[in-house]
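Data block below; observations after.
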Amino acid sequence: MKISKGSVVLFDYTLTDDDKEIIDSSKEEGALTYLHGEGQIVKGLEKAMEGRKAGDAFKITISPEEAYGIHDPAKIAVVPADQIEGGEELEEGMQLEASHGDEEQVVVVSKIEGDQVTLDGNHPLAGMNLHFEVTIREVRAATTEEIEHGHVHGPGGHAH
Ligand code: ZN
């Protein structure tokens, strides 16, 4: 069957950046499963999946606009270390949870200079072109329960 809204898709992938560095691969994590049409994978990849079937293999480059968005300078803040909980133990590359009103946001410690800490709230893959190499393993129709829950059950999916 062809992938359309309500299909459960199992696929292998390798994700690389513009320098052909591997960002992520199902070789380590195992094949990925998702419910098509629910925005569970990046927009550009979901579009490329539409109409394909098990056994199909393809390569696609996805622009930041169709992936994790452009890099937004407004999401970068420089904060004195003593204003951050656990500030004395910070290291570059660490991820912190910041609360913004009642919203929780993950920020990355992108730079530490003296007692000034640069926090970046952009997604780590924001602003990047994503190069996917995909092989579709399985396509099946979602069960009524999966459609109701909006996610995949069984191997690789949720247990509830
Ligand atoms: Zn469920």
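Numbering-wise (the working numbering), the sequence shown opens with residue 33 and increments by one.
Glycine included, every Cβ here is placed at the ideal spot set by N, Cα and C.
All figures in this text were calculated on a predicted structure; none of them were measured in a lab.
Taking DSSP's pairing of strands, which residues face residue i in a bridge?
i, result
"Pro-156", "Partner(s): none; Pro-156 has no beta bridge."
"Glu-129", "Val-138"
"Glu-170", "Leu-42"
"Leu-47", "Asp-56, Phe-164"
"Lys-143", "Thr-150"
"Val-111", "Val-149"
"His-190", "His-185"
Taking 6 angstroms as the limit between beta carbons, can you name the residues of its chain near residue i, skipping five residues before and five after?
i, result
"Val-140", "Gln-127, Asp-152"
"Ser-142", "Thr-150, Asp-152"
"Glu-170", "Leu-42, Ala-86"
"Gln-137", "Ala-130, Gly-153"
"Leu-157", "Tyr-100"
Counting C-beta neighbours from all protein chains within 10 Å, is the total for residue i 16 or more, i.e. buried, or is it exposed?
i, result
"Ser-131", "exposed"
"Ala-109", "exposed"
"Val-40", "buried"
"Val-184", "buried"
"Ala-174", "buried"
"Met-18", "This structure leaves residue 18 out entirely; the chain is present only between 33 and 192."
"Glu-178", "buried"
"Thr-176", "exposed"
"Ile-168", "buried"
"Ile-35", "buried"
Between which residues of its own chain and residue i is the CB-CB distance below 8 angstroms, once the five residues before and five after are set aside?
i, result
"Glu-54", "In the sequence as displayed, the identity of residue 54 is Ile instead of Glu. Result list for Ile-54: Thr-46, Leu-47, Thr-48, in chain order."
"Val-74", "Ile-94, Glu-98, Ala-99, Tyr-100, Leu-162"
"Ile-92", "Gly-76, Leu-77, Ala-80, His-163, Phe-164, Val-166"
"Glu-195", "For residue 195 there is no data in the structure shown, the boundaries of the chain being 33 and 192."
"His-190", "His-181, His-183, Val-184"
Leaving out five residues on either side along the sequence, give the residues of the same chain with a beta carbon under 7 angstroms from the beta carbon of residue i.
i, result
"Lys-37", "His-68, Gly-69"
"Ala-89", "Val-166, Thr-167"
Worksheet item: Unbroken alpha helix (DSSP H) runs of length 4 or more, entirely within the region 49-107: which are they?
Response: 58-61, 75-81
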